[in-house]
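Just so we're aligned, residue 292 is where the sequence shown starts under our numbering, counting upward by one. Quick reminder that beta carbons are idealized off the backbone N, C-alpha and C, glycines included. Every value quoted in this text rests on a predicted model; they were computed, and no experiment measured them. As structure tokens, the structure follows; a few thoughts come after it.
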Amino acid sequence: MLRNRRRENWLRLLICFTVLFWAGCRNDVSSFDPATATFAGQYPIKVVCTTGPVTDMLRELGGEHMQVTGLMGPGVDPHLYNQLPADRRLLRAADMIFYNGLHLEGRMTEVFKELGERKRTVAVTEELEEAKDARLRTPPEFAGYYDPHVWHDPELWAVCVTFVITVLCEFDPPHRDDYERNGHAYLAKVRAAAEYCRTQLATIPSEQRVLVSAHDAFGYFCLAYGLTGKPLKGISTEDEVSMGRMDEVIEFLVAHKVKAVFVESAVKPETVQSLVEQCRSKGHALRIGGELYADALGSPESGADNYLGMIKANVDTIVRALK
292 MLRNRRRENW
302 LRLLICFTVL
312 FWAGCRNDVS
322 SFDPATATFA
332 GQYPIKVVCT
342 TGPVTDMLRE
352 LGGEHMQVTG
362 LMGPGVDPHL
372 YNQLPADRRL
382 LRAADMIFYN
392 GLHLEGRMTE
402 VFKELGERKR
412 TVAVTEELEE
422 AKDARLRTPP
432 EFAGYYDPHV
442 WHDPELWAVC
452 VTFVITVLCE
462 FDPPHRDDYE
472 RNGHAYLAKV
482 RAAAEYCRTQ
492 LATIPSEQRV
502 LVSAHDAFGY
512 FCLAYGLTGK
522 PLKGISTEDE
532 VSMGRMDEVI
542 EFLVAHKVKA
552 VFVESAVKPE
562 TVQSLVEQCR
572 SKGHALRIGG
582 ELYADALGSP
592 ESGADNYLGM
602 IKANVDTIVR
612 ALK
């Protein structure tokens with residue numbers, strides 16, 4: 292009888308200890324704020340990024356203090372991307388995570404929300420969105436969301452770079468000077484890319500400054516540099532091309548005698564190629580002007596395997612085809 296009572300007492304104590312332990316754990320989790328947390332691990336800081344432009348930015352800014360891994364390589368469409376088991380392992384092991392935001396990585400939105408409760412998870416466009424920057428596009432077919440393709444306007448991308456520099460300085464204060472130095476050097480290159488876009492695209496005759504591509508990825512680019520954008524699809528590559536839209540674009544191409552249209556590296560080219568045939572049937576000689584890097588960087592041999600190279604490659608392709 293006495294032995295049974297002792298066993299019951301020990302069991303009660305064990306239950307009380309377990310309840311108190313888990314209650315303490317829950318309190319610790321609820322009080323943890325990733326936005327104010329600072330790095331306390333071993334260097335290099337493990338950083339995981341989504342798209343090529345975001346990955347390239349973090350490599351430039353982080354330097355030797357960061358080991359940066361990108362999930363989406365050349366030719367990968369972020370609109371359609373589904374994370375792999377290897378991606379989940381990388382994300383769980385990361386010290387920081389950076390993604391584009393503005394619903395570009397639509398299928399991973401919930402993943403980032405969950406991870407953001409436990410570690411610093413940053414949308415590089417966060418400051419643009421919170422400020423409701425007047426330059427952000429709100430295409431009617433994208434139902435209440437901003438156009439996420441901000442990297443195609445280097446001036447907008449510079450805002451994102453400046454924001455990320457601040458985030459890195461807050462997360463890793465001992466190396467603030469390095470992040471600021473790397474950031475200033477990178478910002479100078481980004482702004483030089485903006486000037487290159489302006490001077491080169493200005494050489495295209497005004498009546499030929501028409502950019503026709505598979506989907507609406509170049510809206511910011513066209514606004515910044517005075518081109519008329521005529522995408523076949525909407526903001527997402529998941530959108531379908533309507534017959535009405537196809538006919539509208541064909542009529543415009545024929546009426547304005549546009550020289551060339553462009554395929555995209557991460558989108559199947561058949562839809563754009565069909566424009567050439569249909570314009571030819573109407574007596575207009577249209578051609579494919581080349582491949583543009585819309586949502587992904589290029590391979591190393593393309594020269595577009597980093598952000599600055601991608602911008603230059605796109606501009607050079609457009610100028611050659613339309614000038």
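One alpha carbon belongs to Leu395, the other to Pro439, and they sit about 6 Å apart.
Per the DSSP secondary-structure output, Cys340 pairs in a beta bridge with Gly361, Phe389.
With contacts defined as CB atoms closer than 9 Å, Ala587 and Gly392 fail to qualify as a contacting pair. Nearest to Ile495 by alpha-carbon distance, out of Phe330, Leu613, Gly354, Leu371, is Leu613. Taking Leu599 as the centre and dropping the five residues before and after it, the same chain places the C-beta of Lys480, Ala484 closer than 7 Å to its C-beta, in chain order. In the DSSP assignment, Ile456 falls within the unbroken alpha helix (DSSP H) covering 445-462. Around the CB of Lys559, fewer than 16 other CB atoms lie within 10 Å, so the residue is classed as exposed.
DSSP lists no bridge partner for Gly525. In the structure shown, the three-state DSSP call for Thr327 is coil. Pairwise C-beta distances place the stretch 541-553 in contact with the stretch 576-594, as three or more of them are shorter than 8 Å. By the neighbour-count criterion, in which 16 or more other beta carbons inside 10 Å mark a residue as buried, Asn597 falls on the buried side. Counting of Cβ neighbours within 10 angstroms places Arg380 among the exposed residues, the total staying below 16.
Residue Cys340 holds the alpha-carbon nearest to the alpha-carbon of Ala414 among Ala595, Cys340, Ala331.
In this structure, the beta-carbon distance from Val441 to Tyr516 does not fall below 9 Å. When the beta-carbon positions are compared, Phe389 and His443 stay at least 9 Å from each other. Less than 9 Å divides the Cβ of Asp386 from the Cβ of Arg411. Assigned with DSSP and collapsed to three states, Gly600 falls in helix.
When DSSP states are grouped into helix, strand and coil, Phe403 belongs to the helix group.
Annotation: Ala546 is outside any beta strand (DSSP E); the continuous alpha helix (DSSP H) that includes it extends over 534-547.
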